[in-house]
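A.B. asks: Provided herewith is a single structure, encoded as structure tokens, for subsequent inquiry.
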Amino acid sequence: MNKRIALLATGDELVNGDILNTNGQAIAQALFDLGMEVGMHLVVADQQAEIENAIQYLLTHHKALIITGGLGPTSDDRTRFALAKALNQELILDESCWEAIQARLNRYTLTNQPISNKNQALFPQEATIIPNDNGTAAGCYLEHNQKVIFMLPGPPSECLPMFKQFIIPQLQKQQLAEPIIHKKWLLFNVSEGEIADRLDTLAAPYDITTGYRINFPYVEFKAHSKDEKKLAAFLTAANSLLQSHQLNPESLPASQMLINFLMNSDKAISLDDQATKGYLLKTITTLNTYQKIFNNKQTKNSILHFELTGIPEYWQGKDIGGTSWVEIKTHQIQKRFEIPFRGQRTIYFAIEFLANELLKILKSV
5 MNKRIALLAT GDELVNGDIL NTNGQAIAQA LFDLGMEVGM HLVVADQQAE IENAIQYLLT
65 HHKALIITGG LGPTSDDRTR FALAKALNQE LILDESCWEA IQARLNRYTL TNQPISNKNQ
125 ALFPQEATII PNDNGTAAGC YLEHNQKVIF MLPGPPSECL PMFKQFIIPQ LQKQQLAEPI
185 IHKKWLLFNV SEGEIADRLD TLAAPYDITT GYRINFPYVE FKAHSKDEKK LAAFLTAANS
245 LLQSHQLNPE SLPASQMLIN FLMNSDKAIS LDDQATKGYL LKTITTLNTY QKIFNNKQTK
305 NSILHFELTG IPEYWQGKDI GGTSWVEIKT HQIQKRFEIP FRGQRTIYFA IEFLANELLK
365 ILKSV
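5 is the number of the first residue of the sequence shown in our numbering; add one for each residue after it.
The structure is reproduced here in structure tokens:
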């Protein structure tokens, strides 16, 4: 049975690259976490014929369709018209929706209300209205030829709350979720191609779906399965390999682990950072840690002062290749480490490597 869900985003600003389709990312991630299968993503311009063609195409290949954007009051907002034509339905004025739009505009003292806003109360005749608490563009939901269709406004501050409050429960009622187990690891200092070859070989006998995403100096590895026993068997086979490349069992970046430690500890540090020249400090300084991190030798309230040096090849602008080094020094400890030199990316490796080593020292004192 086809349970796939398609996502269609409309807007010239998306097609032209003026803004990113962050709605699509957030919606797809939420659906995936709920065990629902996301199929195609399409982005089309504010052209009614293009939107109509995209709707018809996606409904042919998916059980459900979520459309975002194009519900404003201006002439280029054509989504509702395209949807009605694609489904061969009339657009009907929803009086309660129009009253809600007028009331909202009145609250903003817009006494001379543009008549174009009335278009925002037009919906296909079989639609159920989805209220919008954060704007004038209501959404809608309807079932047509055994397909489920949702229409939402484009601004994320309006779209995403409506998606969470209404669409997720509706999709769950449609029983589109299938039990699936997700596992994720953050692997450090490893080649994506090399680790993929080894893990895919281990996964092959267990019918495990694997995925990889590089975010230097990490490779994010994901494993998915509908069979808990098969996934457990794979994890047993891959455990030693995975652990050898993990900095922590939580699969968080080392910099985040250091932030978490400082947030939840009474310890504070001072840094004289001649290695990353402030990049590490910038990475770990947040609203929750800034009172526990001091620059250079401002050691008041600080339990430990660190002097960091290294990666001279990076600051000299040398070509990629070979190795470099970083060094950590306190009044009791001096440690020097060899690290790979990866040209302009070396700074990101150094930040995470140093964060991990600082965390080890802080936990030991």
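Quick reminder that beta carbons are idealized off the backbone N, C-alpha and C, glycines included. Being a predicted model, the structure only gives us computed values, none of them experimental.
Given residue 184, which residues of its chain have a CB within under 8 Å of its CB, disregarding the five upstream and five downstream residues?
C.D. replies: Walking along the sequence shown from the start, residue 184 turns up at place 180. Contacts found: 39, 228, 229 and 230.
A.B. asks: Which full runs of the alpha helix (DSSP H) of 4+ residues lie inside the stretch 257-307, going along the chain?
C.D. replies: 258-267 and 283-288
A.B. asks: Need the endpoints of the alpha helix (DSSP H) that residue 173 sits in, please.
C.D. replies: As a working mapping, residue 173 is identified with position 169 in the sequence shown. That run of the alpha helix (DSSP H) goes 172-177.
A.B. asks: Going by beta-carbon coordinates alone, are residue 163 and residue 72 separated by less than 8 Å?
C.D. replies: As a first step, residue 163 must be located in the sequence shown, where it is residue number 159. As a first step, residue 72 must be located in the sequence shown, where it is residue number 68. Yes. Within cutoff.
A.B. asks: What are the boundary residues of the alpha helix (DSSP H) that residue 64 is part of?
C.D. replies: For the purposes of this step, residue 64 is taken as the residue at position 60 of the sequence shown. That run of the alpha helix (DSSP H) goes 52-65.
A.B. asks: Beta strand (DSSP E) containing residue 70: first to last residue?
C.D. replies: The residue you call residue 70 lines up with position 66 of the sequence shown. Looking at the DSSP string, the run of the beta strand (DSSP E) that includes residue 70 is 68-72.
A.B. asks: Please list the segments of the beta strand (DSSP E) lying wholly inside the stretch 180-233, counting only runs of 3 or more residues, in order along the chain.
C.D. replies: 185-192, 213-219 and 222-229
A.B. asks: Does the Cβ of residue 217 have 16 or more other Cβ atoms within 10 Å, making it buried, or fewer, making it exposed?
C.D. replies: Stepping through the sequence shown from its first residue, residue 217 is reached at position 213. Per the 10 Å Cβ criterion, exposed.
A.B. asks: Relative to the C-alpha of residue 248, which candidate in 281, 275 and 193 has its C-alpha closest?
C.D. replies: Walking along the sequence shown from the start, residue 248 turns up at place 244. It is 193 whose Cα lies nearest to the Cα of residue 248.
A.B. asks: Identify, in the order they occur along the chain, each residue of the same chain with its Cβ nearer than 7 Å to the Cβ of residue 263, setting aside the five sequence neighbours on each side.
C.D. replies: For the purposes of this step, residue 263 is identified with residue 259 of the sequence shown, where counting begins at 1. Only 288, 290 and 293 meet the Cβ criterion.
A.B. asks: Give the DSSP-derived three-state secondary structure of residue 168 in the structure shown.
C.D. replies: Position 164 of the sequence shown, counting from 1, holds the residue named residue 168. Here DSSP, grouped into helix, strand and coil, assigns residue 168 to helix.
A.B. asks: For residue 18, collect the residues of the same chain with a Cβ closer than 7 Å to its Cβ; drop the 5 residues on either side in sequence, then sort them by chain order.
C.D. replies: By 1-based counting over the sequence shown, the position of residue 18 is 14. Here the set comprises 25 and 47.
A.B. asks: What residue does the beta strand (DSSP E) around residue 157 start on, and which one ends it?
C.D. replies: For this step, residue 157 is matched to residue 153 along the sequence shown. That residue, residue 157, is in no beta strand (DSSP E); it is neither H nor E in DSSP.
A.B. asks: Assess, as a yes-or-no matter, whether the stretch 345-352 is touched by the stretch 313-332 under the definition of 3 or more beta carbon pairs within less than 8 Å.
C.D. replies: yes
A.B. asks: Under the rule that 16 or more other beta-carbon atoms within 10 Å means buried, what is residue 97, buried or exposed?
C.D. replies: Walking along the sequence shown from the start, residue 97 turns up at place 93. Residue burial annotation: residue 97 is exposed, with fewer than 16 other C-beta atoms found within 10 angstroms of its C-beta.
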